[in-house]
Amino acid sequence: MKTQKIGILDLEQINRWGVRSKWRRGPYPDSRSSVRIYHPARHSAATLASKFSHDLLWHGIGDGNMALPDMRVQVILAELAKHGRVSVKDISRRLDVSRETIRRDLKVLEREGHMRCVYGGGVKQAIGLDQPAAERMRINAREKGRLAVHAAKLVKSGSKIFVDSGTTTLAFARHLINIEGLNIFTNSLDIAQLFDAGYSGSVTVVGGTLNPSYRALFGPSTLEAIKGHLFDTAFVSIAAVDYAYGFMDYGEDEAAVRRELRTRSRHYVMLADSNKFGRTGNIRTLELKDIDTLVTDAQPRADFAEKLKEAQVEVIYA
């Protein structure tokens, strides 16, 4: 009996069919293939994975592991829908796979906007809201560190720069401590605190209204302070990079600061880790053509890279 490749069935189909075998006609005359459907409400996640793998192998489809990544994703999404969060430890034990494998799955789902990675697992993505700085620091920390190294190479000793608030720019600012004679301006308290009295340059915190979640200053006073200067380079971060709408934020205060810096800087550098790509915010902060350089940790997808090229944006990726 010849068989054809069968993909994972969606949850709606599974809920409709319950537990039974379903036969499908194959691509050749008198050929057919089958796969047994298991209802998630009646079977554990481990059963779903092992039974599905066994059926594929039994019917000669792939090597028995072909569809397991999709199966894991279905189990993770079902758990997320039911409880609002997933645990790497629990899912890896239930599916009998390594924790590192589940962490990779969660990162993929985070990039696709299904959830947000936190320490030990993931939670449902809060639509339209950015997270507090303490939580955002944990997301893609390694990737932010890599792009920060490359961004620091753009800084020239003795230059006058503005460093925007954000966890990505905070990772970048840590590399500025060893660059002599910088004239640094920032609206971030955390960035300012990186530099002690022994630093060879100067650090100025622009005034404004404190946002405790960001540990940064915003508002009319911040914008007025920025207007009084011309910076060699502004290094800014962003909440989301939408492939159609460009660079986006969740709050008007952050967006206003980033727009003002665009008009007060000779060179404008956007720092965005790969977690930000493919996400959508509430506010269109900047168009692609508004920035000079994009520093990220992964090469943008082909169609977006072409748009950046058309906008004459230099792309640097780790």
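Positions 1 to 318 (the numbering used here) are the ones given, in order, by the sequence shown.
All C-beta atoms in this analysis are idealised placements derived from N, C-alpha and C, irrespective of residue type, glycine included.
Margin query: So the candidates are Ile291, Ala244, Ala240; which of them puts its Cα closest to the Cα of Arg262?
Written below: Numbered from its first residue, the sequence shown carries residue 262 at position 262. Minimum Cα distance to Arg262 is reached at Ile291.
Next item on the list: State yes or no: is the C-beta of Gly208 within less than 9 Å of the C-beta of Ser221?
Entry: Position 208 of the sequence shown, counting from 1, holds the residue named residue 208. Position 221 of the sequence shown, counting from 1, holds the residue named residue 221. Cβ distance < 9 Å, so Gly208 and Ser221 count as in contact.
Notebook entry, point to check: Can you tell me the Cα-Cα spacing of Thr204 and Ser98, whole angstroms?
Noted result: Translated into positions along the sequence shown, residue 204 becomes position 204. Translated into positions along the sequence shown, residue 98 becomes position 98. Each residue's alpha carbon lies about 47 Å from the other.
Check: When the Cα atoms are used, what is the spatial distance from Ile316 to Ala305?
Finding: Looking up residue 316 in the sequence shown gives position 316. Looking up residue 305 in the sequence shown gives position 305. So the two alpha carbons sit approximately 11 Å from each other.
Note to self: With H, G and I counted as helix, E and B as strand and the rest as coil, what does DSSP make of Glu100?
What the structure shows: For this step, residue 100 is matched to residue 100 along the sequence shown. Glu100 falls in the helix class under three-state DSSP.
Margin query: Only counting the same chain, and skipping five residues up and downstream in sequence, which positions put a Cβ closer than 7 Å to that of Asp196?
Written below: Taking the first residue of the sequence shown as 1, we reach residue 196 at position 196. Counting only Cβ-Cβ distances below 7 Å, and skipping sequence neighbours, we find nothing.
Item checked: Whether Phe277 touches Phe235 by CB criterion (9 Å) -> In the sequence shown, residue 277 corresponds to position 277, counting from 1. In the sequence shown, residue 235 corresponds to position 235, counting from 1. The answer is no: Cβ separation not under 9 Å.
Next item on the list: Taking all protein chains shown into account, decide if Ala302 is buried (16 or more other Cβ within 10 angstroms of its Cβ) or exposed.
Entry: Counted from its first residue, the sequence shown places residue 302 at position 302. Exposed is the call here.
Notebook entry, point to check: In terms of alpha-carbon separation, which member of Phe162, Arg116, Lys124 lies closest to Ser265?
Noted result: As a working note, residue 265 is residue 265 in the sequence shown. Out of Phe162, Arg116, Lys124, Phe162 has the C-alpha closest to the C-alpha of Ser265.
Checklist line | Start-to-end residues for the alpha helix (DSSP H) that takes in Ser169 | finding: Counting from 1 along the sequence shown, the entry for residue 169 is found at position 169. Checking the sequence shown, residue 169 turns out to be Thr, not Ser. It spans 167-173 - the alpha helix (DSSP H) in which Thr169 sits, taken as one unbroken run.
Check: In the DSSP assignment, what residue or residues form a beta bridge with Val203?
Finding: As a working mapping, residue 203 is identified with position 203 in the sequence shown. Answer is Ile184, bridged to Val203.
Next item on the list: Can you have a look at Asp273 and say buried or exposed, based on whether 16 or more other CB atoms are within 10 angstroms of its CB?
Entry: Here residue 273 is taken as the residue at index 273 of the sequence shown, counted from 1. Looking at its Cβ environment, which holds 16 or more other Cβ atoms inside 10 Å, Asp273 is buried.
Check: If you count every other CB in all the chains shown that lies within 10 Å of the CB of Ser157, and 16 or more means buried, which is it?
Finding: Taking the first residue of the sequence shown as position 1, residue 157 is located at position 157. It counts as exposed.
Item checked: Bridge partners - Lys160, DSSP secondary structure assignment -> Locating residue 160 in the sequence shown gives position 160, where the first residue counts as 1. According to DSSP, Lys160 bridges with Asn183.
Next item on the list: On a CA-only basis, which of Leu176, Gly145, Val149, Ile179 is nearest Thr167? Give me that one, please.
Entry: Within the sequence shown, residue 167 is the residue found at index 167, counting from 1. For the residues Leu176, Gly145, Val149, Ile179, the minimum Cα distance to Thr167 belongs to Gly145.
Check: Between the C-alpha atoms of Tyr268 and Arg215, what's the straight-line distance to the nearest angstrom?
Finding: The count along the sequence shown starts at 1 and reaches residue 268 at position 268. The count along the sequence shown starts at 1 and reaches residue 215 at position 215. Between Tyr268 and Arg215, the C-alpha separation is close to 23 Å.
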